[in-house]
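A.B. asks: Residue numbers (the working numbering): 4 to 327.
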């Protein structure tokens, strides 16, 4: 007998589009984009119902539980692609300021009071079933830089309203997918006070919008949306070869320094995260673990200044607009 055709990830496609409001899936033609993996899902747990006086066979076995609220959250791993990443930066920071006539420069700034809700659609079984995620808000972006092979990946965390299973795509007729321009892992560089730092072997970067569910009573088991009332944060760690006491001195002084994480393929194809005010946290410098070289982990966090937001991300590429 012939082998069974089983679903596999290579047959999966991802479409994305901005919604008009939290509850309603996006309409029109979606945008086709790239990803490595996803775990976005709608779940509903159960909670104990300690009601008394119900007829029971015995007094020890568990009885029926009550329904809990619906949750819709999960992760998405996407490529740090110079063209495609602008879609996710738009979700994370809001619409950019775009300039140029090809190449283009897209500037995203942290601290927006309002962010877009997105519809994501995953084709799971080669045109047989589509999972539509409604009201998706990007909550977090994490990445790292180190000298290694392969292409760089970006980790996203998201929250949403609900999930729909569709028999046919709701994404309309997407335009031809943007060209793929992946970023090699080894292309990262770090500048502190505008000077490139050579003693750093690894950098982690984490930006979090810290959204909270809107729990207004609405007659359903779903949230009414997500609020941005909590403080957005940006922090990470550096792994530093011990060559001098410069980072120890910076942490000891407690003063703010500018820091920029740069990923560049060419002068017209790059991504950078500029943080005008970063403080390094004091910790053990160069603990001795044996006769070899010494290195230390230095934690940092970013803050806004009187004239600049906490993070400014600049994306340079051949894409004219990220209107979703």
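By construction, the Cβ of each residue, glycine as well, lies at the ideal position given by its N, Cα and C atoms.
What's the call for residue 180, buried or exposed, on a 16-neighbour Cβ count within 10 Å?
C.D. replies: Answer is exposed; the Cβ neighbour count stays below 16.
A.B. asks: Under the DSSP definition of a beta bridge, which residues are partnered with residue 278?
C.D. replies: Its beta-bridge partners are 262.
A.B. asks: Residues bridged to residue 149 by DSSP?
C.D. replies: 205, per the DSSP bridge assignment.
A.B. asks: Have a look at 145, 150, 170 and flag the residue whose alpha-carbon is nearest the alpha-carbon of residue 159.
C.D. replies: Looking at the Cα atoms, 145 is the closest of the given residues.
A.B. asks: Once the 5 residues before and after residue 303 are set aside, which same chain residues still bring their CB inside 8 Å of it?
C.D. replies: Hits under 8 Å: 238, 239, 240, 241, 262, 281, 282, 283, 284.
A.B. asks: Give the DSSP bridge partners of residue 303, in chain order.
C.D. replies: Per DSSP, 239, 283.
A.B. asks: At the level of alpha carbons, what is the spacing between residue 236 and residue 229?
C.D. replies: Distance between the alpha carbons of residue 236 and residue 229 is about 17 Å.
A.B. asks: From which residue to which residue does the beta strand (DSSP E) around residue 107 run?
C.D. replies: Segment 107-112, the beta strand (DSSP E) holding residue 107.
A.B. asks: What's the gap between the Cα of residue 25 and the Cα of residue 41?
C.D. replies: Cα-Cα distance, rounded: 21 Å.
A.B. asks: Give the single residue among 63, 142, 122, 134 whose Cα lies nearest to the Cα of residue 113.
C.D. replies: Nearest C-alpha to residue 113: 142.
A.B. asks: Please check the pair residue 162 and residue 140, which I expect to be a contact at CB under 8 Å, by giving their CB distance rounded to whole angstroms.
C.D. replies: About 5 Å separates the two Cβ atoms, so the contact holds.
A.B. asks: By a C-beta neighbour count over all protein chains shown, 10 Å radius and 16 as the cutoff for buried, is residue 358 buried or exposed?
C.D. replies: There is simply no residue 358 to check, as the chain begins at 4 and stops at 327 in what is shown.
A.B. asks: Quick check on this structure: which residue in 38, 60, 94 has the alpha carbon closest to the alpha carbon of residue 212?
C.D. replies: Per the Cα distances, 94.
A.B. asks: Give the single residue among 249, 23, 109 whose Cα lies nearest to the Cα of residue 86.
C.D. replies: It is 109.
A.B. asks: Between residue 325 and residue 123, what straight-line distance do the alpha-carbon atoms span, to the nearest angstrom?
C.D. replies: Roughly 16 Å between the two C-alpha positions.
A.B. asks: Among the residues of its own chain, which have a CB less than 6 Å from the CB of residue 273, if the five just before and after it don't count?
C.D. replies: Excluding positions up to five away in sequence, the list reads 267, 319.
A.B. asks: In or out: residue 120 buried (at least 16 other Cβ within 10 Å) or exposed?
C.D. replies: When all chains shown are included, residue 120 counts as buried.
A.B. asks: The beta strand (DSSP E) that contains residue 77, what's its start and end?
C.D. replies: Segment 69-82, the beta strand (DSSP E) holding residue 77.
A.B. asks: Buried or exposed: where does residue 80 fall if 16 or more other Cβ atoms within 10 Å of its Cβ makes it buried?
C.D. replies: Exposed.
A.B. asks: Using C-beta distances below 7 Å, list every residue in its chain close to residue 233, excluding the 5 sequence neighbours before and after it, in chain order.
C.D. replies: Result list for residue 233: 213, 215, in chain order.
A.B. asks: Give the DSSP bridge partners of residue 135, in chain order.
C.D. replies: Residue 135 is bridged to 124, 167.
A.B. asks: For residue 328 and residue 135, which I take to be in contact (beta-carbon distance under 8 Å), what is that distance rounded to the nearest angstrom?
C.D. replies: The structure shown has nothing for residue 328, since the chain only spans 4 to 327.
A.B. asks: Kindly say whether residue 91, judged by its beta-carbon, lies nearer than 8 Å to any beta-carbon of chain B.
C.D. replies: This model lacks chain B altogether; it includes just one protein chain.
A.B. asks: Is the CB-CB distance between residue 176 and residue 32 below 8 Å?
C.D. replies: For residue 176 and residue 32, yes; Cβs fall inside 8 Å.
A.B. asks: How big is the Cα-Cα spacing for residue 186 and residue 271?
C.D. replies: Each residue's alpha carbon lies about 13 Å from the other.
A.B. asks: Check whether the Cβ atoms of residue 44 and residue 126 sit closer than 8 Å, and answer yes or no.
C.D. replies: Cβ distance not < 8 Å, so residue 44 and residue 126 don't count as in contact.
A.B. asks: Just mark residue 295 as buried or exposed, buried being the case when its beta carbon has 16 or more other beta carbons within 10 Å.
C.D. replies: Low confidence applies here, because residue 295 scores a pLDDT of 48, under 50, leaving its location unreliable; read the following figure in that light. Its Cβ having fewer than 16 others within 10 Å, residue 295 is exposed.
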